[in-house]
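Residue numbers (this note's numbering): 4 to 206.
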């Protein structure tokens, strides 16, 4: 989790630096969007009982303003999920890290001179970089693996601090539509996906 917070801090500092550099440009076509948040996710399984996990997430996007209010963005997202559950092996505590690559349509609508609405929608590809499950007398690593895919939606309300630099609050939601599978040799076999990952944070 400390690693995730450090990454988010670097993202925020980089965004401020880039935004300040863009101030000299009358109407820049490219912009950096960075946000982080906290929330929860429902883990849907095929065989074992379902459970919920806490989420800390962050995302950094390069947005191209293709039209006046609409853009196209892509970048990288990070998620750190953790919490308790149980399966046929027993009660467990799970930690999982994921990296996500989204491709999004973005919307930026001015409400007033200083206030604006920001939104995004599109698909993503996602992979697990760390998956650890700890039982009372047993621990397993790299339990699930592979890539899966899903859709995400975000909506935020921001304030323009200076030209080409703003900050605000954003709500994000995403759901997978394909599964991760267990690695061979684990104490159980199953498939699972993340459904209704909801978070609120700042950008």
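A virtual CB, placed ideally from N, CA and C, is assigned to each residue, including glycine.
Bear in mind that the values here come from a model prediction, so they are computed numbers and not experimental data.
An exposed status is given to residue 91, since fewer than 16 other beta-carbon atoms sit within 10 Å of its beta-carbon. In this structure residue 193 touches residue 48 by the C-beta definition: roughly 5 Å separates them, less than 8 Å. Residue pairing by DSSP leaves residue 138 without any beta bridge partner. In the three-state DSSP reduction, residue 70 falls in the coil class, being neither helix nor strand.
By the C-beta criterion, the stretch 105–115 is judged not to be in contact with the stretch 130–145, since fewer than 3 inter-stretch pairs fall below 8 Å. A direct Cα-to-Cα measurement between residue 70 and residue 154 gives close to 23 Å.
Of the residues assessed, residue 44 falls on the buried side of the cut-off, its CB having 16 or more other CB atoms within 10 angstroms. One Cα belongs to residue 115, the other to residue 35, and the distance between them is close to 22 Å. By the Cβ-count criterion, residue 72 is exposed, with fewer than 16 other Cβ atoms from all chains shown falling within 10 Å of its own Cβ. When C-alpha distances from residue 130 are compared across 146, 142, 123, 139, the shortest belongs to 146.
Counted as a single uninterrupted DSSP element, the beta strand (DSSP E) harbouring residue 99 occupies residues 93–113.
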